[in-house]
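This report refers to the structure that appears directly beneath it.
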Amino acid sequence: MYLLYPWGKATLIVCVAAAVLLLAGAIFFPPAAAASATDPFPDLYAGELPDYLPDEGKVVYYTFDDGPSQNTVAILDTLREKGVKATFFVTAQQTDNVDSASVLRRIVQEGHSIGVHTYTHDYREIYADVESYLEDFQKIRQHITEITGEAPVIFRFPGGSMKNSYAAPGVQQAIREEMTRRGFVYYDWNVVSGDDKSQMVDTDTLVRNILSGAKGKDKVIILCHDDAMRRSTAEAVGPVIDALSEQGYRFERLTEQVKPIRMGEAG
Ligand SMILES: [Zn+2]
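All residue numbers for the sequence shown refer to our numbering, where the first residue is 1327 and numbers rise by one.
Pasting the structure below:
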């Protein structure tokens, strides 16, 4: 036998060596190769994050979700009049009689922060799984970038980052981790205006809610909703700025350098 097939043994050794090398390669190099080959959102990365800046003094971050709406212009007018910068977590909703593209541009031009909220705001759809969330996020981020030239890094989860009744906790945790891995920074809030009811809440009540929520806090992130039926949210902006300024707060916009306030995380 060996005389008839003189290369048999050598071939066997070569084959075994090759198989060992292939196996070693598969063990040591697969994750990076697999991830880049299968990532359906290769452009959805925010890049290297700078370190958070240290918190200093009494500061308020006024945030508005869900716009643009019929009320955004009124909010922007008051912010301009008061010389205050705020943060808008926007959607792609089309609202009657609102040129949302020009509103989005004005937000950026006047020096406010623009962040991603959601394209559809359909909880069942976006929180179905990680890929559905990323798909929605990519759509709204592209929409904002095309209109304003800015690619947002900051965002706010619809319903907040935790305890969302539509998202399974495991799914939402996986989404949080994936978004963080991609370099995006999310913000919840620690003061609610109470403007999320099914009917409009009067202006005085909103102002009162915000002032009592801010009591005793040095760093305040106020949650408000910028949509068509909530005119009082816009009307409350002036009185809130006046009252909190008088208490020694300064108003700033959120950027990815501001250490987030998040549900379920201490201070
Ligand atoms: Zn929302």
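For each residue, glycine too, the CB sits at the ideal point set by N, CA and C. Because the structure is a prediction, the values reported are computed rather than measured.
Distance, residue j Cα to residue i Cα
{"i": "Lys1543", "j": "Asp1425", "result": "37 Å"}
{"i": "Asp1514", "j": "Gln1573", "result": "23 Å"}
{"i": "Val1497", "j": "Tyr1459", "result": "10 Å"}
{"i": "Ser1491", "j": "Arg1534", "result": "28 Å"}
{"i": "Glu1504", "j": "Phe1367", "result": "12 Å"}
{"i": "Pro1461", "j": "Arg1556", "result": "Residue identity differs from the one stated: residue 1461 is Glu in this sequence, not Pro. Answer to the nearest angstrom: the Cα atoms are 29 Å apart."}
{"i": "Ala1540", "j": "Asp1455", "result": "35 Å"}
{"i": "Asp1422", "j": "Gln1396", "result": "8 Å"}
{"i": "Ile1480", "j": "Ala1412", "result": "13 Å"}
{"i": "Leu1402", "j": "Val1429", "result": "9 Å"}
{"i": "Pro1478", "j": "Arg1502", "result": "16 Å"}
{"i": "Gly1409", "j": "Ile1536", "result": "20 Å"}
{"i": "Leu1570", "j": "Tyr1388", "result": "11 Å"}
{"i": "Asp1568", "j": "Glu1407", "result": "12 Å"}
{"i": "Val1518", "j": "Glu1582", "result": "21 Å"}
{"i": "Ile1433", "j": "Pro1495", "result": "33 Å"}
{"i": "Asp1369", "j": "Glu1472", "result": "15 Å"}
{"i": "Asp1522", "j": "Glu1451", "result": "21 Å"}
{"i": "Asp1381", "j": "Asn1516", "result": "15 Å"}
DSSP-derived helix/strand/coil call for residue i
{"i": "Tyr1512", "result": "strand"}
{"i": "Cys1341", "result": "Low confidence applies here, because Cys1341 scores a pLDDT of 44, under 50, leaving its location unreliable; read the following figure in that light. Note: Cys1341 maps to helix in three-state DSSP."}
{"i": "Gly1437", "result": "coil"}
{"i": "Ile1587", "result": "coil"}
{"i": "Thr1446", "result": "coil"}
{"i": "Val1429", "result": "helix"}
{"i": "Val1424", "result": "coil"}
{"i": "Val1497", "result": "helix"}
{"i": "Val1456", "result": "helix"}
{"i": "Phe1483", "result": "coil"}
Close beta carbons around residue i, own chain, < 8 Å, minus the five adjacent residues each side
{"i": "Met1526", "result": "Met1555, Arg1556, Arg1557 and Ser1558"}
{"i": "Arg1576", "result": "Gly1383, Lys1384, Val1385 and Val1386"}
{"i": "Arg1579", "result": "Tyr1387, Lys1411, Ala1412, Thr1413, Gly1437, His1438 and Ser1439"}
{"i": "Ala1493", "result": "Tyr1449, Tyr1453, Gly1485 and Ile1501"}
{"i": "Ile1470", "result": "Val1416, Leu1430, Ile1440, Val1442, Glu1476, Ala1477 and Pro1478"}
{"i": "Gly1520", "result": "Val1527, Thr1531, Leu1532 and Asn1535"}
Own chain partners of residue i with C-beta closer than 6 Å, once the 5 adjacent residues on each side are dropped
{"i": "Glu1561", "result": "Thr1529"}
{"i": "Gly1564", "result": "Thr1404"}
{"i": "Met1623", "result": "Past the boundaries of the shown model lies residue 1623; the chain is included only from 1327 to 1593, so the question cannot be answered."}
{"i": "Asn1392", "result": "Strictly speaking, residue 1392 in this sequence is Asp, with Asn absent from that position. If we look at Asp1392 and ignore the five residues flanking it on each side, its Cβ neighbours are Thr1417, His1551, Asp1552 and Asp1553."}
{"i": "Thr1398", "result": "Val1429 and Asp1552"}
Same chain, Cβ closer than 7 Å to residue i, neighbours up to 5 away in sequence not counted
{"i": "Val1566", "result": "Val1533 and Ile1536"}
{"i": "Ala1372", "result": "Val1479, Arg1508, Gly1509 and Phe1510"}
{"i": "Glu1457", "result": "Pro1366"}
Chain D contact for residue i (CB, 9 Å cutoff)
{"i": "Gln1573", "result": "The structure shown has no chain D; it contains just one protein chain."}
Heavy atom of ligand 3 within 8 Å of residue i beta-carbon
{"i": "His1551", "result": "Ligands present in the displayed structure are limited to ligand 1, and ligand 3 is not among them."}
**Request:** Could you tell me which uninterrupted beta strand (DSSP E) segments, each at least 3 residues in length, are contained entirely in the segment 1359-1420, listed from first to last along the chain?
**Result:** The segment 1359-1420 contains these whole beta strand (DSSP E) runs: 1385-1391 and 1413-1417.
**Item:** 3 or more residues per run - each beta strand (DSSP E) lying fully within the segment 1528-1582
**Value:** Correct list: 1545-1551 and 1576-1578.
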